[in-house]
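Going by the numbering used here, the first residue of the sequence shown is number 93, and it counts up by one from there. Following: one structure in structure tokens, then a few remarks.
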Amino acid sequence: MLELLRKYRIRLLAGCLVLTALLFYSTNLRHQNNTSLFEKVVLQIAAPLLYSFDSTCRTADGLWSRYLWLIDTEEQNKILRAENRRLQSELTDLQEVRLANQRLRTLLDFREASGFSRVAARIIAVDASSLFRTVLIDKGRQHGLREGLPVVVAEGVVGRVIKCTPRQSRVLLVTDASSTAAALVQRSRTRAICRGQGDYLTLEFALRRDDIAIGDLIITSGTGGIFPKGLVLGRTSDIEREAYGLFQTVTVIPEVDFTRLEEVLVLLGEAP
């Protein structure tokens with residue numbers, strides 16, 4: 093725009109001077125009673141030019157006003173976008189706080205009903221290898237933990253502590269292939285051994301004649317020396333009975349969602 097003005101500044105200046113002169117002259121003519129032929133010619137010439145000049149001025153004024161409006165709108169949009177990002181961040185933080193409060197409330201209710209001394213812990217790392225199913229928690233020997241203690245949430249069994257340091261502990265999940273728990277079919281009281289299979293569990297040593305149905309709740313029997321009686325392991329989802337053989341094959345889906353674990357409880361023993 094500035095380059096254009098510099099390039100045509102002489103022509104623009106001359107045009108402005110001519111238009112100004114015509115404007116003053118035509119204005120003066122309006123106050124005279126008699127108009128000569130020359131004056132009429134001047135008016136005829138000046139009228140279109142003045143109209144064009146006025147129209148150009150109005151257009152330029154409109155464009156300038158719109159430009160200023162667009163600049164102001166852009167600034168307002170920047171402010172609104174920044175405010176929107178801030179509010180979205182605050183909303184995310186509040187949502188995280190709300191969800192954490194819900195999880196902690198569930199754990200607190202379970203603590204009050206379990207009758208066990210316990211320590212709440214937060215999961216700080218997950219073993220992503222395919223060989224083991226373990227997690228690392230932020231509590232250790234300084235908090236009363238030791239190897240062999242059961243780890244649970246309100247939904248059921250998580251696993252057991254297999255290694256302790258002063259401030260951290262490693263937990264072997266119940267779904268690990270090396271993990272077993274003495275189990276009980278809650279409905280029929282049938283006993284078996286629950287073994288981890290990576291993403292699910294199976295009941296081992298369940299006799300073919302034992303009363304087990306799909307949907308049965310499987311709980312700990314309390315006879316294995318690690319898990320107290322009555323903790324939930326999962327529900328049966330599939331049962332296979334061969335024509336021959338002593339045992340049936342039972343698949344158990346854990347009640348705990350191991351992909352969403354964040355806080356757990358470590359059971360220290362029965363409360364005094």
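Quick reminder that beta carbons are idealized off the backbone N, C-alpha and C, glycines included.
Residues bridged to residue i [DSSP beta-bridge criterion]
{"i": "Asp330", "result": "Thr343"}
{"i": "Ala284", "result": "Ala275"}
{"i": "Arg173", "result": "In the DSSP output, where bridge partners are listed per residue, Arg173 has none listed."}
{"i": "Glu355", "result": "Arg214"}
{"i": "Ile311", "result": "Leu276, Val324"}
{"i": "Leu299", "result": "Phe339"}
Cut-off 7 Å between Cβ atoms - residues of its own chain near residue i, not counting five sequence neighbours on either side
{"i": "Asp303", "result": "Ser280, Thr282"}
{"i": "Leu237", "result": "Val211, Lys231, Val253, Cys256, Ser261, Val358"}
Burial state of residue i (16 or more Cβ within 10 Å)
{"i": "Ile306", "result": "exposed"}
{"i": "Ala213", "result": "buried"}
{"i": "Lys255", "result": "exposed"}
{"i": "Pro258", "result": "exposed"}
{"i": "Ala298", "result": "buried"}
{"i": "Gln234", "result": "exposed"}
{"i": "Ala217", "result": "exposed"}
{"i": "Gly251", "result": "buried"}
{"i": "Ile229", "result": "buried"}
{"i": "Leu94", "result": "Below a pLDDT of 50, predicted positions are generally treated as unreliable, and Leu94, at 49, falls in that range; no measurement from the model is reported."}
Residues of its chain near residue i, where Cβ-Cβ distance is below 8 Å and the 5 sequence neighbours each way are ignored
{"i": "Lys170", "result": "none"}
{"i": "Gly439", "result": "There is no way to answer for residue 439, as the model of the chain reaches only from 93 to 364."}
{"i": "Gly288", "result": "Arg225, Leu265, Val266, Thr267, Asp268, Ala269, Ser270, Ser271, Thr272"}
{"i": "Phe319", "result": "Pro242, Val249, Arg252, Ala273, Ala274, Thr312"}
Where the beta strand (DSSP E) containing residue i begins and where it ends
{"i": "Thr226", "result": "226-229"}
{"i": "Pro242", "result": "242-245"}
{"i": "Val249", "result": "248-256"}
{"i": "Thr294", "result": "293-296"}
{"i": "Ser261", "result": "261-265"}
Heavy atom of the ligand FAD within 8 Å of residue i beta-carbon
{"i": "Thr257", "result": "Looking for the ligand FAD in the displayed structure turns up nothing, as the structure carries no ligands at all."}
Cβ-based neighbour list, residue i, same chain, cut-off 6 Å, excluding 5 preceding and 5 following
{"i": "Leu96", "result": "Note that Leu96 has pLDDT 48, beneath the 50 cutoff, so the model's placement of it is unreliable and no number is given."}
{"i": "Gln278", "result": "Leu309, Ile311"}
{"i": "Arg173", "result": "none"}
{"i": "Thr341", "result": "Glu332"}
Cβ separation of residue i and residue j, assumed to be a contact under 8 Å, to the nearest whole Å
{"i": "Pro346", "j": "Thr272", "result": "Not really, about 14 Å apart at Cβ, beyond 8 Å."}
{"i": "Leu295", "j": "Ala274", "result": "Actually they are not in contact, since the Cβ atoms of Leu295 and Ala274 sit about 11 Å apart, beyond 8 Å."}
{"i": "Lys231", "j": "Val211", "result": "5 Å"}
{"i": "Leu325", "j": "Val249", "result": "6 Å"}
{"i": "Leu293", "j": "Val348", "result": "Wrong, their Cβ atoms sit about 11 Å apart, outside the cutoff."}
{"i": "Gly337", "j": "Arg300", "result": "7 Å"}
{"i": "Ile215", "j": "Val356", "result": "7 Å"}
Below-9 Å beta-carbon distance, residue i vs any chain D residue
{"i": "Trp156", "result": "The structure shown has no chain D; it contains just one protein chain."}
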